Amino acid sequence: MRTIQDVLQHRSAIVTQPFHLEIATLQSPVSVFSFVLNEAMNTPFLADITATSPDKRIDGAAVVGRPAIFTIEEYASVPSMPGLIEPVRHAARTVHGIVT
């Protein structure tokens, strides 16, 4: 199995870091617009995430208190070599929390 480092050895490699946000009971798709993640030893983390959705009917109050998962994914590919070098994808960082 190839790793991100294997793919990055090629000059034309491209790396992206898509962000994913899942909120329990929310069926509508959401896209992460921006985020700030603060972490320190012996303190709770704080993730300030701004998300957008094409669904204008989402009730913000309905998602408060719901479990959520925020994932930063790494995706590496070499577009100039399709079929020869398979893209590599893995979760670089996953944070579990509650919407407040």
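Numbering (numbering that gives the first Met the number 0), first residue to last: 0 to 99. The C-beta atom is built at its ideal place from N, Cα and C for all residues, glycine as well. Model, not experiment: these values are computed from the prediction.
Tell me which same chain residues have a C-beta within less than 8 Å of the C-beta of residue i, skipping the five on either side of it?
{"i": "VAL31", "result": "PHE18, HIS19, LEU20, ILE48, THR49, ALA50, PHE69"}
{"i": "GLN16", "result": "ILE71, GLU72, GLU73, TYR74, ALA91"}
Can the beta-carbon of residue i be found less than 8 Å from the beta-carbon of residue j?
{"i": "ALA61", "j": "VAL14", "result": "no"}
{"i": "VAL63", "j": "THR99", "result": "yes"}
{"i": "PRO66", "j": "ALA12", "result": "no"}
Nearest-angstrom Cα distance between residue i and residue j?
{"i": "ASN37", "j": "LEU45", "result": "5 Å"}
{"i": "GLN8", "j": "GLY82", "result": "17 Å"}
{"i": "ILE84", "j": "VAL6", "result": "8 Å"}
{"i": "ALA90", "j": "THR42", "result": "24 Å"}
{"i": "MET80", "j": "GLU72", "result": "22 Å"}
{"i": "ARG56", "j": "PHE34", "result": "23 Å"}
{"i": "LEU25", "j": "GLY59", "result": "10 Å"}
{"i": "PHE95", "j": "ARG10", "result": "In the sequence on display, residue 95 carries His and not Phe. One C-alpha to the other measures close to 35 Å."}
{"i": "ALA39", "j": "ILE97", "result": "18 Å"}
From the DSSP secondary-structure annotation, give me the bridge partner or partners of residue i.
{"i": "ILE3", "result": "ILE3 pairs with nothing; no bridge assigned."}
{"i": "PHE32", "result": "Bridge partners of PHE32: none, in fact."}
{"i": "HIS101", "result": "There is simply no residue 101 to check, as the chain begins at 0 and stops at 99 in what is shown."}
{"i": "ARG56", "result": "Paired residue(s): none; ARG56 is not in a bridge."}
{"i": "HIS95", "result": "ILE68"}
{"i": "ALA39", "result": "Paired residues: none, contrary to the question."}
For residue i, which residues in the same chain have their Cβ closer than 6 Å to its Cβ, ignoring the five residues on either side in sequence?
{"i": "ARG88", "result": "TYR74"}
{"i": "ARG92", "result": "ILE71"}
{"i": "SER27", "result": "SER52, ASP54, ILE57"}
{"i": "ILE3", "result": "GLU73, ALA75, VAL87"}
Run the proximity test for residue i: is its beta-carbon closer than 7 Å to any non-hydrogen atom belonging to the ligand HEM?
{"i": "ILE84", "result": "Absent from the structure shown: the ligand HEM. Ligands present: none."}
Leaving out five residues before and five after residue i in sequence, what residues of the same chain have Cβ atoms less than 7 Å from its Cβ?
{"i": "ARG1", "result": "GLU85, VAL87"}
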